[in-house]
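Residue numbers for the sequence shown follow full-length UniProt numbering, so the first one is 1 and each next one is one higher. By construction, the Cβ of each residue, glycine as well, lies at the ideal position given by its N, Cα and C atoms.
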Amino acid sequence: MTESDDIGALLGADGPFARELPNFAPRPAQQAMAKAVEHAIAECETLIAEAGTGTGKTYAYLVPAMLSGQRVIVSTGTKALQDQLFFRDLPKVRSVLGARLKAALLKGRANYLCLYRLDQTVREGASFDRTQATQLAAIRAWSARTRRGDRMELAEVPEDSPLWPRVTSTPENCLGVECPFYDDCHVVTARREAQEADLVVVNHHLLFADLALKQEGFGEILPGAQAFILDEAHQIPELAGQFFSQSLSARQLTELAQDALGECNGITGAIGLLLEPIEALQEAVRKLRLALEPLPARGPFHELLKREGVPDLLRDVSELLAALTDVLASQAERSRGFMNVHERAGSLTERLDRIIEEHSEQDVRWYELFPRGFALHATPLDLAAPLRTMRERTRAAWIHTSATLSVAGHFEHFARQLGLDDPQTMSLESPFDYAKQALCYLPEGLPDPAARDYTERVIDAVMPVLEASNGRAFLLFTSHRALRRAAELLADRVPWPLFVQGTAPRHQLLEEFRASGHGVLLGAASFWEGVDVAGEALSVVVIDKLPFAAPDDPVLQARLEALEQAGINPFMGWQVPTAVIALKQGAGRLIRDVHDRGVLVLCDPRLTTKGYGKLFLASLPPMPRTRELKQVRGFFEQAAGSAEE
Numbered sequence: 001m002t003e004s005d006d007i008g009a010l011l012g013a014d015g016p017f018a019r020e021l022p023n024f025a026p027r028p029a030q031q032a033m034a035k036a037v038e039h040a041i042a043e044c045e046t047l048i049a050e051a052g053t054g055t056g057k058t059y060a061y062l063v064p065a066m067l068s069g070q071r072v073i074v075s076t077g078t079k080a081l082q083d084q085l086f087f088r089d090l091p092k093v094r095s096v097l098g099a100r101l102k103a104a105l106l107k108g109r110a111n112y113l114c115l116y117r118l119d120q121t122v123r124e125g126a127s128f129d130r131t132q133a134t135q136l137a138a139i140r141a142w143s144a145r146t147r148r149g150d151r152m153e154l155a156e157v158p159e160d161s162p163l164w165p166r167v168t169s170t171p172e173n174c175l176g177v178e179c180p181f182y183d184d185c186h187v188v189t190a191r192r193e194a195q196e197a198d199l200v201v202v203n204h205h206l207l208f209a210d211l212a213l214k215q216e217g218f219g220e221i222l223p224g225a226q227a228f229i230l231d232e233a234h235q236i237p238e239l240a241g242q243f244f245s246q247s248l249s250a251r252q253l254t255e256l257a258q259d260a261l262g263e264c265n266g267i268t269g270a271i272g273l274l275l276e277p278i279e280a281l282q283e284a285v286r287k288l289r290l291a292l293e294p295l296p297a298r299g300p301f302h303e304l305l306k307r308e309g310v311p312d313l314l315r316d317v318s319e320l321l322a323a324l325t326d327v328l329a330s331q332a333e334r335s336r337g338f339m340n341v342h343e344r345a346g347s348l349t350e351r352l353d354r355i356i357e358e359h360s361e362q363d364v365r366w367y368e369l370f371p372r373g374f375a376l377h378a379t380p381l382d383l384a385a386p387l388r389t390m391r392e393r394t395r396a397a398w399i400h401t402s403a404t405l406s407v408a409g410h411f412e413h414f415a416r417q418l419g420l421d422d423p424q425t426m427s428l429e430s431p432f433d434y435a436k437q438a439l440c441y442l443p444e445g446l447p448d449p450a451a452r453d454y455t456e457r458v459i460d461a462v463m464p465v466l467e468a469s470n471g472r473a474f475l476l477f478t479s480h481r482a483l484r485r486a487a488e489l490l491a492d493r494v495p496w497p498l499f500v501q502g503t504a505p506r507h508q509l510l511e512e513f514r515a516s517g518h519g520v521l522l523g524a525a526s527f528w529e530g531v532d533v534a535g536e537a538l539s540v541v542v543i544d545k546l547p548f549a550a551p552d553d554p555v556l557q558a559r560l561e562a563l564e565q566a567g568i569n570p571f572m573g574w575q576v577p578t579a580v581i582a583l584k585q586g587a588g589r590l591i592r593d594v595h596d597r598g599v600l601v602l603c604d605p606r607l608t609t610k611g612y613g614k615l616f617l618a619s620l621p622p623m624p625r626t627r628e629l630k631q632v633r634g635f636f637e638q639a640a641g642s643a644e645e
């Protein structure tokens, strides 16, 4: 354990990081955060640390974590960030500190090759098309040389390839210790390494799957830790909702049926008993999906029950699933695979009955429709209580950090969502000089965002900015409909390369955008955060509307009603703070480096016409604002002049 002064000195101008790492710049904010993290770990406290872009928050938590002498779990927002942390940042910090500690990387089981399911897929000899056959050959060759079995290693097989679900396992279909490949299992190896490590890097999905006790078959995956550090912590409220929900999907039922059929191979008489109940269940699921077709893509459960025939079809699925479970019980002793399928069927039966039958005031029951399926959910109305219980059970320090956790400098909204009682808080401003590096442009004359021609008017307002910047822009939209309309409008109007979300994988669009030098990229939700384009390739970020959550979200509707009943204004108490944090994420794409310069274009007129607009503007980095297009042109002319000097 080191003294706080030492932590500051380590990251200071005369410390080892400044000496040993090229381009390392000492930052007072980074040193202050490192001291706060060190104190929180030592005192087992809860800390909320908002650290503006460029603060260096990764080192600010890794250094005290590694020096604490405690077991620490670091959780990130995405698997890509997880890999970056483990393979890039962590080795540098460990090298500078000379720290002799064991670190492990752990992901959810779907990220690891399953040798048993690969063997099954090869044996089945299914008729794959040429592309899939090539991909399967690549997976087989890779399986012979990989040590980790992490599918991120095999870039030549796309992440969305239909082969991955066939050669990875789920908690339901894993055979556990009875698997013939158990001794070489990549999931078991990764978990064993995590159990033995001093510092484990996970992602939020896995963290909550484990802490919410949703993963079965291996007990608790993550070792008991003295500290949990959650990076990109602004994502936690939404993710927690998923993991404390009871859910059942058409896909789970279909996969159960397929796996039950697969287990019949080589077991005498099994197919004769199981074929009829399996086909009956598959047909009932198909009929139910057909009956739901006219409904909106998502909505409250009571709307689903109003549709003619749907309650009966739900009952049919429930009864047929129970009947299949009974038949599987008669086969469960005949193979480990059948025992596994029987347990899954029983679990899904219980879950479906609970969602259909139970009317708890604590839960919101709702449905989702997909092109070929559906999902039914029961989500807790209030996440604060289960999250508080989960944290108390760990008896550990909890550190939450992100560039976007506060609303106009206050943390009440984030703390209330997570049930954080009286946490330590700190807000660290970005070291970037926003007064010189950035300009916020609020175009005049735009109509109310509900206007039918709003997207057309936005594009008209943005075109002169794009001409001044010579492309080099992100246009971020709050809906896919607006994104598609903007893509149509810009197709013939821009001389620069146009990149549209949905036309290629995200990473490919970003690579091509960076390489183009003058591209214009149109993105919706997934481009608002976790996207980093430093340098001149990105000099404009346009945001079409304030990112209020979709009003058709049944969970949100129920939460807003509950807030109202508790005497809290749901709009100012929930919707505005949530939208402020989302806007900060989108705006944060603009300045990623001390040398970046750019213009943030906020099109929504409510920023200046509504009282709550001030709250949004007060939450953004301190950059000058203008309503004059000539100032925007002047900003880019000045940048061009500086580049020529």
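Along the beta strand (DSSP E) that carries residue i, what are the first and last residues, could you check?
{"i": "Arg365", "result": "363 to 369"}
{"i": "Phe474", "result": "473 to 476"}
{"i": "residue 646", "result": "Any question about residue 646 goes unanswered here, given that the chain covers just 1 to 645."}
{"i": "Val533", "result": "Here Val533 belongs to no beta strand (DSSP E), and DSSP marks it neither H nor E."}
{"i": "Ile48", "result": "46 to 51"}
{"i": "Thr401", "result": "397 to 402"}
{"i": "Gln120", "result": "It is not in any beta strand (DSSP E) - Gln120 instead sits in the alpha helix (DSSP H) that spans 115 to 124."}
Under 8 Å, do residue i and residue j count as touching if we go by C-beta distance?
{"i": "Leu171", "j": "Ala194", "result": "Checking the displayed sequence, the identity of residue 171 turns out to be Pro instead of Leu. In this structure, Ala194 does not lie closer than 8 Å to Pro171 by Cβ."}
{"i": "Gly588", "j": "Pro547", "result": "no"}
{"i": "Asp596", "j": "Ala534", "result": "yes"}
{"i": "Ser430", "j": "Ser406", "result": "no"}
{"i": "Leu466", "j": "Val458", "result": "no"}
{"i": "Ala190", "j": "Tyr116", "result": "no"}
{"i": "Asp231", "j": "Ser68", "result": "no"}
{"i": "Ala233", "j": "Ile73", "result": "no"}
{"i": "Ala34", "j": "Leu11", "result": "yes"}
{"i": "Arg19", "j": "Thr55", "result": "no"}
{"i": "Leu175", "j": "Asn340", "result": "yes"}
{"i": "Leu290", "j": "Leu321", "result": "no"}
Taking the alpha-carbon positions, what's the residue i to residue j distance?
{"i": "Val580", "j": "Ala403", "result": "12 Å"}
{"i": "His518", "j": "Val494", "result": "11 Å"}
{"i": "Ala49", "j": "Gly373", "result": "41 Å"}
{"i": "Val317", "j": "Ala284", "result": "6 Å"}
{"i": "Arg130", "j": "Leu136", "result": "10 Å"}
{"i": "Leu560", "j": "Gln362", "result": "14 Å"}
{"i": "Gln631", "j": "Leu206", "result": "47 Å"}
{"i": "Val531", "j": "Arg592", "result": "10 Å"}
{"i": "Phe474", "j": "Leu556", "result": "29 Å"}
{"i": "Asn203", "j": "Lys107", "result": "7 Å"}
{"i": "Phe24", "j": "Asp89", "result": "12 Å"}
{"i": "Arg514", "j": "Ala504", "result": "15 Å"}
{"i": "Asn173", "j": "Gly337", "result": "8 Å"}
{"i": "Phe87", "j": "Asp160", "result": "23 Å"}
{"i": "Arg472", "j": "Asn265", "result": "57 Å"}
{"i": "residue 647", "j": "Leu476", "result": "No answer is possible for residue 647: the residues shown for the chain start at 1 and end at 645."}
From what residue to what residue does the alpha helix (DSSP H) around residue i run?
{"i": "Leu304", "result": "301 to 306"}
{"i": "Ile229", "result": "It is not in any alpha helix (DSSP H) - Ile229 instead sits in the beta strand (DSSP E) that spans 227 to 230."}
{"i": "Tyr61", "result": "57 to 67"}
{"i": "Ile139", "result": "130 to 145"}
{"i": "Val93", "result": "90 to 97"}
{"i": "Leu348", "result": "336 to 357"}
Just to confirm my understanding: we take residue i, look at its own chain, exclude 5 residues before and 5 after, and list those with CB closer than 7 Å. What are they?
{"i": "Thr46", "result": "Trp398, Leu420, Pro423, Gln424"}
{"i": "Arg625", "result": "Cys440, Leu442"}
{"i": "Phe616", "result": "Leu546, Val580, Leu583, Leu607"}
{"i": "Gly573", "result": "Leu563"}
{"i": "Gln437", "result": "Ile591, Asp596, Arg597"}
{"i": "Leu199", "result": "Ala65, Met66, Val72, Val74, Leu101, Ala103"}
Check the Cβ-Cβ distances between residue i and every residue of chain B, and say whether any is below 8 Å.
{"i": "Ala534", "result": "In the displayed structure, chain B is absent; only one protein chain is listed."}
Could you pull out every residue in the same chain whose Cβ sits closer than 6 Å to the Cβ of residue i, ignoring the five residues on either side in sequence?
{"i": "Ala40", "result": "Leu47, Ala397, Ile399"}
{"i": "Arg166", "result": "Thr121"}
{"i": "Arg334", "result": "Ile267"}
{"i": "Gly309", "result": "Ala291"}
Apart from the five residues on each side of it in sequence, which residues of its chain come closer than 8 Å, Cβ to Cβ, to residue i?
{"i": "Ile278", "result": "Ala257, Ala260, Leu261, Leu324"}
Hey, is residue i close to the ligand MN, as in C-beta under 7 Å from one of its heavy atoms?
{"i": "Thr401", "result": "This structure lacks the ligand MN; in fact it carries no ligand of any kind."}
Practice item. Determine, using beta-carbon pairs with one atom in the segment 63 to 73 and one in the segment 404 to 419, whether at least three such pairs fall under 8 Å. Key: no
Check your understanding: Any chance the segment 298 to 307 sits against the segment 335 to 350, with 3 or more Cβ pairs inside 8 Å?
Key -> no
Check your understanding: Does the pairing of the segment 375 to 391 with the segment 315 to 335 give three or more beta-carbon distances under 8 Å?
Key -> no
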